[in-house]
Every structure is written in structure tokens, then in C-alpha cells.
Amino acid sequence: MILFVILLAISIILESSLTTIPLVLILLLNFTVASRKTSVFAIAFVCGILIDIMLGNTIGKTSIFYMITLLIVFLYERKFDTQTFTFVFIASFLSSLFYLVIFEARFVLLTALISAVLGITFFWLMIAADRLHIRDKSIKLEYER
Amino acid sequence: MNKRRKISLVFFVLLILSILLFVFSKTGLLNTPSSIIAKIASPFQSTSLTAFNFLFSSRDERIKQLEEENKDLIKKIVDQDSLSRENAALHDQFETSSPRSSTLLPAKVVGAPSFIPGITDPTIIIIDKGTDDKVKEGSAIVIKNILVGRVVSSSLYFSKVDLVTHPSFLLTVKDQRSGASGVVKGEGGKQMVLDNVVQSEDIKTGDLIVTKGEQRQNGAGIPPDLILGKVASIDKKPSAVFQKGEIISPLDFSDLSTVFIVVY
Numbered sequence: 001m002i003l004f005v006i007l008l009a010i011s012i013i014l015e016s017s018l019t020t021i022p023l024v025l026i027l028l029l030n031f032t033v034a035s036r037k038t039s040v041f042a043i044a045f046v047c048g049i050l051i052d053i054m055l056g057n058t059i060g061k062t063s064i065f066y067m068i069t070l071l072i073v074f075l076y077e078r079k080f081d082t083q084t085f086t087f088v089f090i091a092s093f094l095s096s097l098f099y100l101v102i103f104e105a106r107f108v109l110l111t112a113l114i115s116a117v118l119g120i121t122f123f124w125l126m127i128a129a130d131r132l133h134i135r136d137k138s139i140k141l142e143y144e145r
Numbered sequence: 146m147n148k149r150r151k152i153s154l155v156f157f158v159l160l161i162l163s164i165l166l167f168v169f170s171k172t173g174l175l176n177t178p179s180s181i182i183a184k185i186a187s188p189f190q191s192t193s194l195t196a197f198n199f200l201f202s203s204r205d206e207r208i209k210q211l212e213e214e215n216k217d218l219i220k221k222i223v224d225q226d227s228l229s230r231e232n233a234a235l236h237d238q239f240e241t242s243s244p245r246s247s248t249l250l251p252a253k254v255v256g257a258p259s260f261i262p263g264i265t266d267p268t269i270i271i272i273d274k275g276t277d278d279k280v281k282e283g284s285a286i287v288i289k290n291i292l293v294g295r296v297v298s299s300s301l302y303f304s305k306v307d308l309v310t311h312p313s314f315l316l317t318v319k320d321q322r323s324g325a326s327g328v329v330k331g332e333g334g335k336q337m338v339l340d341n342v343v344q345s346e347d348i349k350t351g352d353l354i355v356t357k358g359e360q361r362q363n364g365a366g367i368p369p370d371l372i373l374g375k376v377a378s379i380d381k382k383p384s385a386v387f388q389k390g391e392i393i394s395p396l397d398f399s400d401l402s403t404v405f406i407v408v409y
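What follows is the structure, encoded as C-alpha cells:
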């Protein structure tokens, strides 16, 4: 969790000063897929507020987007397995695409593709490091307990 | 509590909170707290930008020197033209003008997000001056006498600037040589489109495009005779109502570190 928070902090700084690639969104998606905890909504809320403040956007805009995206992931997860590379790739690509269109960035398709690649790379790193125990696919879904 | 209900409850509470913050932000109620948070975060922003530019800026020193000389020469051309017109105006008592005095406030660029930093150009920048330094929405941002962009929003200590290449940037301009009027719109990268130039007007490749000047009710505005760029190509079709042109700015937007705000 601490590592995730540090990575988020670095991503917020990079996204507000250097790049338009939605690094925070990718990290939040990965965390949602891996941990399935409702605390991700609170983290998304805070990250969105910080991004808006540092970029001079209207506060709340990014938070609303993050939370709706994560809710869709949670809803999808009820019926289908989200802890797969395919899902992480598609979710990262589509959510980045919509994010870039809404926030009027340039090179939308290319940036979304790079976001998707970064998403699966980070997902692979999480599996390799055995973080949040997503290697063990036999773990029951939290809300089925 | 059922997990599904918990997810829904947490989501809706935070969503409502976000919407409330959005509304308060629009009305300006959150300016002070957001400015304080931005002030705390800005050293990290500017450090990462400075570090990146230091580590990855591989532009030859000679090229940088030539670019600076180019900017100085363009400035001299425009200044000379302004002086000769002012001279003519002073001779004619009915054409004198008295522009309001203005000061240039230096500002550091703390954020310049772009697709691939150092390679693609940003279309917005964040600067470390805000309403506390008398910066207003609509204020012009310049380097020497080249227009960089316009302030679109300001908090107490920071401002967001749309560069001249931002897709939502729109400004009335004129050809410095022929006086032909038109409208410039940002296209991203280093490019702008010069549009709404009447067919009968004379514009040529290589012409300097400068601002006509505009003043807003809040006192901010873009002074006249600021350089936007040079005409790189012209699209003139006899069947069209207007002729268009492509303008390239002499600035390297991926390498901005200090800019100046025109403050009245």
C-alpha cells in the first residue's frame, strides 16, 4: 500500500508537470483490479482533486471521471474476471481514450495506446512481485464472502 | 454491510462531494485553499520539470544561440516598423495614440505537460504568479516581444496559460508588412492557422504576423505589435471567401523556463 501511495504521488507530479499520459488513472485501475477494495474510491477522489489543483482545472472534474471509471470496473467485475491482461489493456485503453478526449489532449489514440501498454506493464510487475496476491486466482471475490 | 451496498454508498458520497467541490470551484470559493495546496506542491512540479530539461535537453548550444539571434533580429524588424509608424503618426496630430503603460512581471514555468516531454510541444503551461501578483484572466504572456499565450485561469499564486498553439486560442492579428487583418487559431505543436483573411488582401510566405491589440473589461489584454510568427504557407483558393495561411512560431514551447506577464 505504501509503495502504491508513493507511485501515485510520483505520477501526480509527473502528470501535472511533464506529461499528458494519464499515469494516475492507470495506477488506480491496476489497484482496483488487484485489490478490489472500496478505499480506491477515496484515493481516486483525493488524487483527482490534487491533479485539478496542480493543473489549474476546475476542482472536482478529474475526481468525477476517476470515480465513474472505477465504478464501471467494479460493476464489470461482478460478472467477469478482471484480473487478466486483456481486461487491464482494454480498460486502460478505453478509459485513457475518454479521459484524453474529455480533457482535450493531443495525440489521443497514440497516448491511449501507450497508457494501455503502461497499464499491462504495471500489472505484470504486480504479478511478478506477488503484490496483493493476485497470482493466486483461487482467492474468492471479496463481496462473495 | 453488504459489499455491494458499501461500494454504492462510498461511490455516491464521494461523487456528491466531487460535484459540490466542482460547483464551489466554479464560483471561486475554493481559490484560497487550492492556492495553498498548489503552493506546497509547486516545488515538486518545478523540480521535476527543471530536472527533466537539464537531463534530457540535448539541443546543441550553437542552435540555441542561433535561435536567440533570430528572435533578436525579428524583434528589431518589428521595433523598427513600429518606430517608423509612430514617427508618421506623431507628424500627423490626428493619429497620435497613447497606449497605457504596462510592466513586465517575470514568472517561472512550473508545469508544461505534453505527450512526450522534450519531443512534443505542450499547449498549456502553469506559471508561478497569480492574482496575488495582479495577474488577471486574459493577460498576455510574452518572451521579448513574442506572444507566448494568454492567461485563462488564475488562483492566488498560480496561473494556467493557453499557449498560442492551443486549439482554443483565438486572436485578431495583422500582417506586419501589408496590414492585412485576420484571425489566428492554435493548431497544436508550433503551428497556428491564419484565417478570415479577405481574398483581396496581400499576404506572402515569410511575412511576420503581429497582434492587433485587444483590451478586456477587467483591464487585462494583449498589446498590439507582439509577434506571433511567420507565414509558412498560404492556401488561396479563388472559390473560397477567405484565404488561409499556416504560421510557425519562433519559440520552442518545449523549452520554456521563464516567461513575462504583461501587467497593467
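If you read the protein sequences in the order shown, they are chains A and B. Residue 1 is where the first sequence starts when you use my numbering, and the numbers rise one by one after that. Residue 146 is where the second sequence starts when you use my numbering, and the numbers rise one by one after that. Built from N, CA and C at the ideal position, the CB exists for glycine as well.
query                                                                                                                          : result
Residue interval of the alpha helix (DSSP H) (run including Phe45/A)                                                           : 39-55
CA-to-CA distance, Gly334/B to Pro267/B, given in whole angstroms                                                              : 7 Å
Cut-off 6 Å between Cβ atoms - residues of its own chain near Thr20/A, not counting five sequence neighbours on either side    : Ala105
Chain-ordered chain B contacts of Lys61/A [CB-CB under 9 Å]                                                                    : Ser163, Phe167, Ser170
Separation of Val88/A from Leu250/B, as counted between CA atoms                                                               : 47 Å
Residues near Leu70/A in its chain [Cβ-Cβ closer than 8 Å; skip 5 each side]                                                   : Leu28, Leu29, Thr32, Val40, Phe41, Ala44
Supposed close pair Val338/B, Lys349/B - CB separation, criterion 8 Å                                                          : So it is not a contact: roughly 17 Å between Cβ atoms.
Assumed close pair Thr310/B, Ser394/B - CB separation to whole angstroms, cut-off 8 Å                                          : 7 Å
Ile6/A beta carbon near the ligand FAD (any heavy atom closer than 7 Å)                                                        : Among the components of this structure there are no ligands whatsoever, and the ligand FAD is therefore not found.
Assigned secondary structure, Phe405/B (DSSP; H/G/I helix, E/B strand, else coil)                                              : strand
Neighbour flag for Ser16/A against chain B, beta carbons, 8 Å                                                                  : yes
contact_flag[the stretch 76-92 of chain A, the stretch 114-123 of chain A] where n(CB pairs < 8 Å) is 3 or more                : yes
Three-state secondary structure (DSSP) of Lys281/B                                                                             : coil
Same chain only: Cβ atoms within 7 Å of Val343/B, ignoring 5 sequence neighbours per side                                      : Phe387
Cβ pair Ile6/A, Phe189/B closer than 8 Å                                                                                       : no
Cross-strand partners of Gln336/B (DSSP beta bridge)                                                                           : Gly333/B, Ile393/B
Selection from Met1/A, Ser11/A, Leu3/A, Ile26/A that minimises the alpha carbon distance to Ser115/A                           : Ile26/A
3-residue-minimum beta strand (DSSP E) runs that sit fully inside the stretch 328-387 of chain B, ordered along the chain      : 336-343, 353-356, 372-380
Simplified DSSP assignment, three categories, for Leu249/B                                                                     : strand
Residue nearest to Ile392/B in terms of C-alpha spacing, selected from Leu353/B, Glu359/B, Val404/B, Gly358/B                  : Leu353/B
Chain-order list of residues whose beta-carbon lies under 6 Å from that of Gly364/B (same chain, five-residue window excluded) : Tyr409
Selection from Ile270/B, Glu212/B, Pro383/B, Lys281/B that minimises the alpha carbon distance to Ser187/B                     : Ile270/B
Residue closest to Lys289/B, alpha-carbon to alpha-carbon, out of Asn215/B, Gly263/B, Val376/B, Thr317/B                       : Asn215/B
Cutoff 6 Å; reference Val322/B; Cβ partners in own chain excluding five residues on either side                                : According to the sequence displayed, residue 322/B carries Arg and not Val. Correct list, in chain order: Asp352.
CB of Ile219/B within 8 Å of CB of Ile406/B, strictly                                                                          : no
Chain A contacts from the stretch 184-213 of chain B (Cβ-Cβ distance under 7 Å)                                                : Ala186, Phe189, Gln190, Ser193, Leu194, Phe197
Run of the alpha helix (DSSP H) containing Lys61/A, from where it starts to where it stops                                     : 61-77
Contact belief for Gly294/B with Asp307/B at Cβ below 8 Å, rounded distance in angstroms                                       : 5 Å
Rounded separation between Val101/A and Ser229/B - CA only                                                                     : 47 Å
C-alpha distance - Asn198/B paired with Ile51/A, whole-angstrom precision                                                      : 22 Å
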